[in-house]
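Chains as they are written, first to last, in numbering that gives the first Met the number 0: chain A, 0 to 236; chain B, 0 to 292; chain C, 0 to 312.
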Amino acid sequence: MKNVLEIKALTAGYGRISVLHEVSISVREGSIAVLLGANGAGKTTTLRAVSGLLKSSGQILLDGQDISGQSADSIARRGVAHAAEGRGTFTDLTVEENLRVGAYRRNDKAEIANDLEKMYGLFPRLKERRAQKAGSLSGGEQQMLAVGRALMLRPRVMLLDEPSLGLAPVIINSLFETFSRVNQELGVSMLIVEQNANLALQIAHDAYVLESGAITLSGPASEIASLDGIRAAYLGA
Amino acid sequence: MQYFLQQLLNGVTSGAVYASLGLALVLIYRTTNIANFAQGEMATFSAFLTWQITQWGVPILWSILIVMALSIVIGAIVYAVVVRPVQHKDEMTIIIVTLGLFLAFNSATGAIWGFMQKSSPSPFPAYAWTLGPLRISAELLSFVLVLLAVSGGLYLLFQKTRLGMALRAAASNAQSAQLVGIPYTKMMILGWGMAAALGAVSGALVASRLTLDPNMMADVIIYAFASAVVGGMSSYVGAVVGGIVVGVSQAFSTAYLPGLGADLQIIVPLLLIVAVLIVKPEGLFGKTVAARV
Amino acid sequence: MNIKHILAGLLVAALLIAIPLVVPGYLTFQLSGVMAYAVAAIGLNLITGYAGQISLGHNAFFALGAYSAAMSMTYFHVHYMTSVLIAAVVTFVVGYLSGFPAQRLRGLYLALITLVLAVSVSPVIKHFKAVTGGMAGLAIERPAPPAWTGLSKDAWIYYTVLSITVLCFYLARNFVAGSTGRALTAVRVSPLAASSMGVNVNGYKVLIFGLGSMLGGIGGALFNFSIGFIAPDSFNLLLSVSFLAAIVVGGLGTIWGALIAGLFLQFVPSYASDLSEALSGAVYGAILIICMFFMPKGIVGSLLEWMRARNMK
């Protein structure tokens, strides 16, 4: 199976502070990869480098083509959907507009309408609130909106930054279930960054562990989950 | 009664002028979250350009259209060179940069065309109808038509088109906009360009009423801000209503409060705005923004 | 405070005192102007730099101070020092009251309301022309040196202005040092956090408007002394914009930045018109923009940062 996303020897930082050191991650087509790590390890930085929000050195291959150095909006147009930390909802736009703007660069009107209905099917709460301003939604609903918007791109790969942050456990469960469904039914590839490793490891195929800007462990998710060190550090066991 | 109505119409006419510039201000604010203090001076510059082109023999209406196109370019350049480097910095920095632009444009206009007043041909027929005892000039109707067309057009653009949605998205969250593939910089350039073109229209309106003078917009900009502020800086309808309120209150204070004298009458509409802001800080049409802390 | 500081202070004091005795009269005259502007600039810096309230209306208080001082001398024949006091009281009261609307508004809206203040100055002065002299302006009797000093008029005015300026700097310095200064910073950076810590945010905002305006008014009164003649056109919107520009170039939130601001206000406009008569406004505007690009913290602010960075190494 080929890799939809390949990150090779990625080095990035903010100003003079170097955060990532030669990070390499692969996301196989149609699979979910999870990036674990403590606060400050560099997980968000990794995603920002991939989506073009941050300058980096090294290679970032999307379907074999190097996208490093391109602008964020052109990377998005190539099919990288990044649901950034903090949700990033367009608070002044309505829920429906938020979803529609996700399909901004698409021209297939009928399909966009179809996808919109699919999103409402996945997230019934959003359908109820379709005409409301997104800023009035709760944290959980905004996260769903962010995911929905990312899906409207029909992305080659979805980057999710700590989707569980600040959400109630019940919502988190349902959210991860949705991720799994989206991956299995729609075949969307994902790279999920999480501190909350439990659920992430359950739905992922591959796992990477980032410590102080370097990948220390990588492998099939089930293997990583069973390692004692991981259990202690991330799974609270 | 007739006097009252006539004053009302006068007020609406000048109000339309303020509203036209106010619309440009709201446009820039909605697309880039910046209050451009230099909008009036850029409009003056455009008005002088229009005059210049008419001096070369081009009919007035064509001149206005040409200058509108040129203004789009000017607005784009101003954004790219001066505004873009500081657009995400703090409010103080941005205000100062726009004040700097104010000074620069004002000075440039004077340097190129001199400070002598010029008269500009009016694009509107000098015709007037009488409706009973009232005198309704073609000027008034044209102003109102232009205003309705512009605000209607802006409303449609922003609320009903994909481009308008993209503009709103870019203003709402720059990073997220890029992440859905919206070319942020191009959107900003478009916003500034359109606002500059609108400013050119406003400049043409002002020039048709008064003589052309590098300082002609200096007062108008304040009334334009007043109009925009009434609308909460983000509502086109609000800017139009605000402009009319300002214009009418100015006309009424001139007509009915002669005791104030010519000097203080200028302040009356401004005091009105201060009152509005104190009572409803987000403007009459503005939405109370609940900010997450 | 060690011996080096004391010696440096004495040296500076000696220099300041010596100036009128060694430099040509017109330069002394200009330096008085610098100080008048500097005092007003500290005032604006308190409001905008320390408390973060954007004010485009400082010209109004500068004018109010100048006119109330001038009118009290012309009509009530008060001593010139008293006129400064009168200017201070009047502008403090008006400034304090103006502070109340400021409580509810932030950023742009506040700037707009202060803009209203700025453009109201000229019309109001002209309207009451019976007492203000209207467009024609008011002449002021400049303070005359007592015979026993043997000093020239320019020198005497210089010393008078200098003493008041030093006093104002000292008072301002003390005001922003310590807990008041920290409270101000809190108000500027995050009013919500500040009030949840028990800082009376609204109280501070209003007080700062009063104090800042008062210093603006004192500056105006001092301006009287140096110029000897005031007219509405000296106090227009451009002056407000210049004040703002000057404290930004000097350094927001720094006391010494006000001194640079004073120099800026006295010398830059004439420098700009020297450079190019017609384009002086453009030069002025360019200076503002370039400063914001490369030195957003102003001269003093950037210096302080540079010194801090050096100390950290």
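Note that beta-carbon positions come from the ideal geometry of N, C-alpha and C, so glycine has one too.
Grab me the residues of residue i's own chain with a C-beta within less than 7 Å of its C-beta, minus the 5 sequence neighbours each way, in chain order.
i, result
"C:Asp153", "Pro19, Gly24, Thr27 and Phe28"
"C:Gly177", "none"
"A:Asn97", "Thr88, Phe89, Ala133, Leu144 and Arg148"
"C:Pro142", "Tyr79, Trp155, Ile156, Thr159 and Phe224"
"B:Lys117", "Trp50, Thr210 and Leu211"
"A:Ile16", "none"
Straight-line CA distance for residue i to residue j?
i, j, result
"A:Gly218", "A:Phe89", "36 Å"
"C:Cys290", "A:Leu174", "49 Å"
"B:Thr53", "B:Val25", "29 Å"
"B:Ser121", "B:Thr43", "15 Å"
"A:Thr44", "A:Ile191", "13 Å"
"C:Leu55", "C:Gly250", "17 Å"
"A:Arg129", "B:Lys185", "29 Å"
"B:Ser233", "A:Val26", "43 Å"
"B:Asn182", "A:Ala71", "Position check: residue 182 of chain B holds Pro in this sequence, whereas Asn was assumed. Those two C-alpha atoms are separated by around 9 Å."
"B:Ala203", "C:Met70", "44 Å"
"B:Trp206", "B:Phe224", "Looking at the sequence provided, one finds Ala at residue 206 of chain B rather than Trp. Near 19 Å, if we compare the C-alpha coordinates of B:Phe224 and B:Ala206."
"A:Gly139", "C:Leu210", "48 Å"
"B:Ile188", "A:Ser163", "37 Å"
"B:Ala217", "B:Glu40", "7 Å"
"C:Lys125", "C:Met134", "6 Å"
"B:Ile73", "B:Ile93", "19 Å"
"C:Ala68", "C:Val130", "13 Å"
"A:Gly228", "A:Gly29", "28 Å"
"B:Trp50", "B:Asn172", "40 Å"
"C:Leu221", "C:Val22", "21 Å"
"C:Ala59", "C:Gly218", "12 Å"
"A:Val22", "A:Arg148", "28 Å"
"C:Tyr36", "C:Val120", "18 Å"
"B:Ala165", "A:Leu152", "14 Å"
"B:Lys159", "A:Ser221", "49 Å"
"B:Asn35", "C:Pro231", "27 Å"
Which residues mark the beginning and the end of the beta strand (DSSP E) in which residue i is found?
i, result
"A:Lys7", "Asn2 to Tyr13"
"A:Val192", "Ser188 to Glu193"
"A:Ile214", "Ala213 to Pro219"
"A:Ile31", "Ile31 to Leu35"
Ends of the alpha helix (DSSP H) at residue i?
i, result
"A:Glu110", "Lys108 to Leu121"
"A:Arg27", "Here A:Arg27 belongs to no alpha helix (DSSP H); instead the beta strand (DSSP E) covers Ile16 to Arg27."
"B:Tyr78", "It is not in any alpha helix (DSSP H) - B:Tyr78 carries neither H nor E in the DSSP assignment."
"B:Ala107", "Glu90 to Trp112"
"B:Ile265", "Segment: none, B:Ile265 is in no alpha helix (DSSP H) and carries neither H nor E."
"C:Ile254", "Where C:Ile254 is concerned, there is no enclosing alpha helix (DSSP H), given that its DSSP letter is neither H nor E."
Here's a check: name, in chain order, each residue in its chain whose Cβ is nearer than 8 Å to the Cβ of residue i, leaving out the five neighbours to either side.
i, result
"C:Ile259", "Ala245, Val248, Gly249, Gly250, Gly297, Ile298 and Val299"
"A:Arg180", "Leu121"
"A:Met118", "Leu98, Leu125, Gly147, Leu150 and Met151"
How about residue i: is its Cβ closer than 7 Å to a heavy atom in the ligand ZN?
i, result
"C:Lys204", "The ligand ZN is absent from the structure shown, which contains no ligand whatsoever."
Within a Cβ cutoff of 6 Å, which residues of the same chain sit near residue i, ignoring the five residues on either side of it in sequence?
i, result
"A:Ala199", "Val33, Ile191 and Glu193"
"C:Thr113", "Ser54, Leu55 and Gly56"
"C:Leu150", "Pro144"
When the distance is taken between beta carbons, is residue j closer than 8 Å to residue i?
i, j, result
"C:Leu161", "C:Met34", "yes"
"A:Asp114", "A:Ala102", "yes"
"A:Leu150", "A:Val208", "no"
"C:Pro100", "B:Ile266", "no"
"B:Ser62", "B:Gly198", "no"
"C:Ile53", "C:Leu109", "yes"
"C:Gly227", "C:Ile139", "yes"
"C:Val175", "C:Ile46", "no"
"C:Tyr95", "C:Leu183", "no"
"C:Leu43", "C:Leu206", "no"
"C:Gly284", "B:Leu20", "no"
"B:Leu263", "C:Pro144", "no"
Can you find a CB in chain E that lies within less than 8 Å of the CB of residue i?
i, result
"B:Ser171", "This model lacks chain E altogether; the protein chains it does include are A, B and C."
Within the segment 195 to 250 of chain C, ranges of the alpha helix (DSSP H) (whole runs, at least 4 residues): Runs found: 200 to 226 and 236 to 249.
Inside the segment 52 to 97 of chain A only - beta strand (DSSP E) runs reaching at least 3 residues: Runs of the beta strand (DSSP E) spanning 3 or more residues and lying entirely within the segment 52 to 97 of chain A occur at 55 to 61 and 79 to 82, in chain order.
Entirely enclosed beta strand (DSSP E) segments - the segment 3 to 69 of chain C, minimum 3 residues: For the segment 3 to 69 of chain C, not a single whole beta strand (DSSP E) run of length 3 or above is found.
Every unbroken beta strand (DSSP E) within the segment 149 to 206 of chain A, with a cutoff of 3 residues, ordered by chain: The qualifying runs are 156 to 160 and 188 to 193.
Alpha helix (DSSP H) segments (min. 4 residues) lying fully within the segment 127 to 190 of chain C: Complete alpha helix (DSSP H) runs here, min 4: 128 to 131, 152 to 175 and 177 to 188.
4 or more residues per run - each alpha helix (DSSP H) lying fully within the segment 170 to 250 of chain B: The qualifying runs are 173 to 178, 183 to 208 and 216 to 229.
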